[in-house]
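First up is the structure itself, then whatever we jot down about it.
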Amino acid sequence: MKYLIVPGLYNSGPGHWQTNWERKYPNSFHRVEQTNWNEPIKQDWVNKLHTQITAAENEPLILVAHSLGCITVVHWAMHYCAAHVKAIMLVAPADVEKSTKKELRDFAPIPLQSLPVNSVVVASSNDPYAAIDRTKIWAAAWGSTHINAGAVGHINSDSALGNWEEGLRLLQSLHTKA
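What follows is the structure, given as structure tokens:
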């Protein structure tokens, strides 16, 4: 099983758990590389994701998304189907509908249809970019398991999670169900 990392706005920097996982497990974790991390265009981001998923069609995949990457994955799932995508882990989805960041407006509205594979939404009770009540609504609409990770901010490098071992355990649990 391979893991496709789907970062959010500005990419995941050197202290981010996504980067740490990719560095620690280079044979298993690979990153979607967007053309423009600072001024995202929904269709461009979805197309890049689709291209990388298609390129890995001989390998079972679990998508591991963060923030705007989560919303990108959900948009992708509403338009494409890939039998080799076995599960989806959505960490700290960004509320693009309520954001004041103009660069996120293109990603609204957030699709509310069921995802085609087993999925989990991991959210923080004090995420500045999405209220936990909103993440519960999305998880229910997507048919995802909702996990409250506690008060850990946006579950990014500012959260100082290092390798985020709890996230790896959640991913392993998702992998087992895939």
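Take 24 as the starting number for the sequence shown in the numbering used here and just add one per residue. No residue lacks a Cβ here, since even glycine has one placed at the ideal position from N, Cα and C. Please read these numbers as outputs of a predicted model, since none were measured by experiment.
Of the candidates S90, K71 and N50, S90 places its Cα closest to the Cα of N179. Taking a C-beta distance under 8 Å as the contact criterion, V175 and A162 do not qualify as a contact pair.
Per DSSP, reduced to three states, the secondary structure at T168 is strand. Residue pairing of R54 in beta bridges, as defined by DSSP: I28.
Fully enclosed beta strand (DSSP E) runs of no fewer than 3 residues occupy 141–146 and 168–171 of the stretch 123–172, in order along the chain. In this structure A146 touches I155 by the C-beta definition: roughly 5 Å separates them, less than 8 Å. Ranked by Cα distance from K159, the first of H169, P30, P151 and W99 is H169.
Per the C-alpha coordinates, the member of H98, T58 and R54 positioned closest to A78 is R54. Just so you know, the alpha carbons of S137 and V108 end up roughly 15 Å apart.
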